[in-house]
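See below for the structure under consideration.
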Amino acid sequence: MTTAPLDKTMPLGRVKLSHTAVFWIGFCAVMAVLIVAPLVLPEFWRRFLTEILIWGLLAMSSDLLIGYTGMISFGHSAFFGLGMYGAAAALLIVSPANLWLAILFGLAGAAAAALFVAYFSTRLRDIYFAITTLIFSQIFYVIIFTWTPVTGGENGLIFTRPHLSIPFLYDARFTSSTMHWFVLAIVAASYLFLRRVTQSPFGMVLQSIRENEARTRAIGYPVQLYKIVAVMLSGLFAGLAGVLYAVQNQFAAPDFVYFITSGDTVIFNVLGGIGTLVGPIVGAGFFQLMRELLSRLFGDQFPYLIPLGLVFIVMIIFLPQGLLGFARRWLNR
Amino acid sequence: MSAAADNAEPLVRVEDVHTYYGKSHILHGVSLTVGAGEVVGLLGRNGVGKSTTLKSIMGLVRPTHGTVVFDGETITGLPPHKLARRGIGYVPEDRRIFRLLTVMENLRTGLDRRGVGEDKRKALLDKVFTFFPILAERRNQAGGTLSGGEQQMLAIARAMMLEPKIILLDEPTEGLMPRMVSQIGEIIDLLHRERVAILLVEQNVPLTLAASQRVYFMEKGSVRHHCAASEIDINDAVIRQYLGV
Amino acid sequence: MDAVSHFLHAIPVDLIIIQTVNGIVTGMILALIASGLTLIFGIMDVVNFAHGELFMLGAYIGVVVIASTGSFWLALVISSLVVAILGAALQVATLRPLIGRDPLNTILVTFGISLVLQNFALWNFGPVARKIPEPISSSFTLFYLQYPWYRILIAVLSAAIIGGFWLFLKYSRFGVWIRATTQDRVMAQAMGIPVPLVYTGVFALGAAMAAASGVLFAPLVGVNHTMGLDWVLKAFIVVVVGGMGNLGGSIAAAIFISLLEAYATIWVDPSQAVIVSFVVLILTLLFRPTGLFVPTPK
């Protein structure tokens, strides 16, 4: 799948702004909206928005692989899950519950999983990579599901939410607003970081791998090494999303490690637009909104995945650039 | 040039065909004709677009411009399997026989068609086994176990199973021993006597001049010269111009 | 000598034989599912994520047919036919437009199809598992167990279907078309073989085989909307271990893996026994990535 070429300039009336300027203006505008949001939204929607951001982070991490390196991974549920369980471990073992320790443990867990998966899967091309990542996420699922004494098995783990503590500055319980801002800060920082990565020489090599792996290797790049780093980076941010989810919801469950979560992630990617970093967040938002909408219109039991699944299929066939790509083209007319 | 070719509507008419491989503009307006039952040669250096011309006729690549007319019907853009059924046989440059299928099964891919009854099957197989006795001997052997020359014969025999009106032959003598090369010449003559038209792409000039009624010369993606085979010989300046190093 | 005989006594020979039989039975069903999957991949490079759902739908259609006609055999036939048609329709509608595009697209599309089919089944049939009665309920004594004849029947029928399919591939006209297209798609077209039709036909065949396995397997477990998920994973492992596109390899791998898992359940919990197949996969990927049962690594 290829991404649409980026416009270098965007005419705005008579003023031609550089691409970077447009980006920062847009970014600040969106951030402003997201910062103000919890102040005006009712409780339910506040949490809803926060969850969208978390899923968006997960999808964004996956986009690094799908959109930029051309590798479809079904293994993100493992990274997400291990981030979740890692955080759970920190929050259950260490007392008093420490937010940053939770993040540390979660990232460590996700990194370990990512290294393991990367080592085996990256030696395979395309289709085999997708299948093996799927199988690895299932391996983790089985381990977590059956190792009840450590992981709580089927029932998962419940724990308390740590305080939001910034050393020397602040220490209090999370409110849904501060939780939202915390998540927003992390997601925004992650986005900017990943954006920097994709625009760096490293990111260029990844895209070259996507375009033509054989040629990239022939030029002399250690392709497998790049792939491993890509998987690890991707896994780290997926794990971060898992930590955030754990902190927000105060539980960890094996369901999230089942490969369906990876599948959902891929759906967010396709819906929003592969290779855009922002697209997956949009996709996650669209998906969750649609789901909420459909269940409100037609009741809880409505199989919202049927229409959403159909939209997904239609988009792959007719709109492979995703919603964002479609909007981009529509705006450029 | 024969008067007959001028007056009668040719079996194949290629008109101003442009074809791309990705972004590479390979054919820059190729035009040629092949009359019914005629053997026409297509000569030129490597890479000028001879194979691509055949592929454009066969529908294996889609021309971006121009038309191909076969037997009065415009066939540009039709998928290859429809063209094969209409009577265009294709023998590609690397033979491409089905290596894991037996000789018999290879032949069956062309033989298993609608409208071929038991009698016709037997007749076609008999004809092909008479042309190529070695294939009869090896009929249950896997295609991949045949020698280069035998594979070439199988590739031609396979195309004959389609009862084609024209066979597109791409460099049949490439990689063959001299003894086999002359055998190819005999096969072309046999097919000509059966009134099968042939568009022959070749690097082997003497064979082509001997077998063909007319020849085209291609350079850089288009036809540059066209004459009767009888008008020139191997020492002609034309040959050196379009085929020399 | 004492230690040796003590060791020999500790091996539960009767259990091993029972598990061997069980392993072969499961293996044959897995082989039938995996055959369809590997065939589809071998000929058109499509990784059919929805294969497990075709299996599941086959089982459900079987439930419906048995409920209205009471005949297991009719259920088998009708279910295979219906799913074959559905498969053909799916291929034409969603996969044909993707021919020529990056093959990763087909993974995504078939994944989407699997989601839709799964949720459709959940919505239509509800979350409660259905059951199909076995067509023959007699059993024979195997050591201390009453072993159901039906299980043997499944293995035999699966083998028969696979065998019939192999004959079809080898001798029939469409079989030659399939084999030619698998080897050289372009040349097959140049020989007049209608390749788009062959693709649709193969997908339909694979779907039919998945549906048949679903009906055959249904009496052993409950039929519910998630039954496809576990099987599709196992089937993928089998296909990779056997060598993608390699029919014989898949069958061998299916039986091999099922036997190993069956033996593993002697000592560990079944939900953990699946790790065996994962380990086999990892080993295969490390040492013989083209497939354990492929004669010579390419």
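Protein chains in written order, with the numbering used here: chain Z, -11 to 321; chain Y, 596 to 840; chain A, 425 to 722.
Each residue gets a CB set at the ideal place from its N, CA and C atoms; glycine is no exception.
Buried or exposed: A/W733, going by 16 or more other Cβ atoms within 10 Å of its Cβ?
The requested residue 733 of chain A does not occur in the structure, where chain A is confined to residues 425 to 722.
Counting Cβ pairs closer than 8 Å, one from the region 214 to 229 of chain Z and one from the region 237 to 247 of chain Z, do we hit at least three?
no
Looking at chain A, which residues of the region 693 to 716 of chain Y have a Cβ within less than 9 Å of any of its Cβ atoms?
F693, R694, L695, L696, E700, N701, R703, T704, G705, D707, R708
Mind checking if A/T714 is an interface residue toward chain Y, Cβ cutoff 7 Å exclusive?
So no, A/T714 is outside the interface.
Note the first and the last residue of the continuous beta strand (DSSP E) segment covering A/H649.
Looking at the DSSP string, A/H649 is not in any beta strand (DSSP E), and its letter there is neither H nor E.
Using only the alpha-carbon positions, how far apart do Z/I255 and Z/I262 sit?
Rounded to whole angstroms, Z/I255 to Z/I262 spans 10 Å at the Cα level.
At the level of alpha carbons, what is the spacing between A/V552 and A/A635?
20 Å
For the region 688 to 717 of chain A, which residues have a beta carbon sitting closer than 8 Å to at least one beta carbon of chain Z?
D693, S695, Q696, V698, I699, F702, L705, I706, L709, L710, P713
May I have the straight-line CA-CA distance separating Z/P137 from Z/I131, to the nearest angstrom?
11 Å
Evaluate the contact criterion for the region 517 to 530 of chain A versus the region 302 to 309 of chain Z: three or more CB pairs, one atom per stretch, below 8 Å.
yes
Contact criterion: CB-CB distance below 7 Å. Does Y/Y685 meet it with respect to chain A?
yes
Do Y/I621 and Y/T647 have their beta-carbon atoms positioned less than 7 Å apart in this structure?
Y/T647 is a Cβ neighbour of Y/I621, given a cutoff of 7 Å.
Report the residue from Z/W33, Z/L41, Z/G74, Z/F170 whose alpha carbon sits nearest the alpha carbon of Z/P271.
As written in the sequence, residue 271 of chain Z is Gly, which differs from the Pro given in the question. Measuring from the Cα of Z/G271, the nearest candidate turns out to be Z/L41.
Label Z/F200 either buried or exposed according to how many other C-beta atoms from any shown protein chain fall within 10 Å of its C-beta, with 16 as the threshold for buried.
In the sequence as displayed, the identity of residue 200 of chain Z is Asn instead of Phe. Result: exposed.
When the Cα atoms are used, what is the spatial distance from A/I606 to A/G466?
For clarity, residue 606 of chain A is Thr in the given sequence; the question names Ile instead. Cα-Cα distance, rounded: 6 Å.
Starting from A/Q570, follow its DSSP beta bridges and name the residues at the other end.
A/T565
Identify, in the order they occur along the chain, each residue of the same chain with its Cβ nearer than 6 Å to the Cβ of A/T708, setting aside the five sequence neighbours on each side.
V665, L716
Exposure of Y/Y837, with buried meaning 16 or more beta-carbon neighbours within 10 Å
buried
Under DSSP, the beta strand (DSSP E) around Y/M813 begins and ends at which residues?
809 to 814
Limits of the alpha helix (DSSP H) - the one that Z/L45 falls within:
31 to 51
By a C-beta neighbour count over all protein chains shown, 10 Å radius and 16 as the cutoff for buried, is Z/Y107 buried or exposed?
Residue environment analysis places Z/Y107 among the exposed positions, since fewer than 16 neighbouring C-beta atoms fall within 10 angstroms of its C-beta.
Close Cβ partners of A/P397 (< 7 Å) along its chain, the five nearest in sequence each way excluded:
As displayed, chain A neither begins before 425 nor continues past 722, which places residue 397 of chain A out of reach and without an answer.
Below-7 Å beta-carbon distance, A/A676 vs any chain Y residue
Not one chain Y Cβ lies under 7 Å of A/A676.
Considering Z/S125, what are the terminal residues of the alpha helix (DSSP H) in which it resides?
114 to 134
Under 7 Å Cβ to Cβ from Z/S65, same chain only, skipping five residues before and after it: list those, please.
Non-local C-beta neighbours of Z/S65 in its own chain, meaning closer than 7 Å and more than five positions away in sequence, comprise S125, F244, V245, Y246, F247, T249, S250, ordered along the chain.
Y/I779 versus Y/P767 - alpha carbon distance:
As the crow flies, the alpha-carbon of Y/I779 is around 7 Å from that of Y/P767.
Three-state secondary structure assigned by DSSP to Z/Y158:
Strand at Z/Y158.
So, are the CB atoms of Y/V609 and Y/V625 less than 7 Å apart?
For Y/V609 and Y/V625, yes; Cβs fall inside 7 Å.
So with Cβ pairs under 7 Å, would you call Z/Q212 a contact of chain A?
no
Given that a residue counts as buried once 16 or more other Cβ atoms are within 10 Å of its Cβ, and exposed if not, what is Y/K717?
exposed
Given a cut-off of 7 Å on the beta-carbon distance, is the pair A/A508 and A/A628 in contact?
yes
CA nearest to the CA of Y/P728, picked from Y/R703, Y/S619, Y/V698, Y/L757
Selected option, being the one with the closest Cα: Y/V698.
To the nearest angstrom, how far is the alpha carbon of A/A677 from that of A/A458?
9 Å
Which two residues bound the contiguous beta strand (DSSP E) that contains Z/R284?
Unbroken run through Z/R284 is the alpha helix (DSSP H), 266 to 286; no beta strand (DSSP E).
Rounded to a whole number of angstroms, what is the C-alpha to C-alpha distance between Z/I253 and Z/M72?
Looking at the sequence itself, residue 253 of chain Z is Thr, so the reference to Ile does not match. If you take the alpha carbons of Z/T253 and Z/M72, they lie about 16 Å apart.
Examine chain Z for any beta-carbon lying closer than 7 Å to the beta-carbon of A/N529, and answer yes or no.
yes
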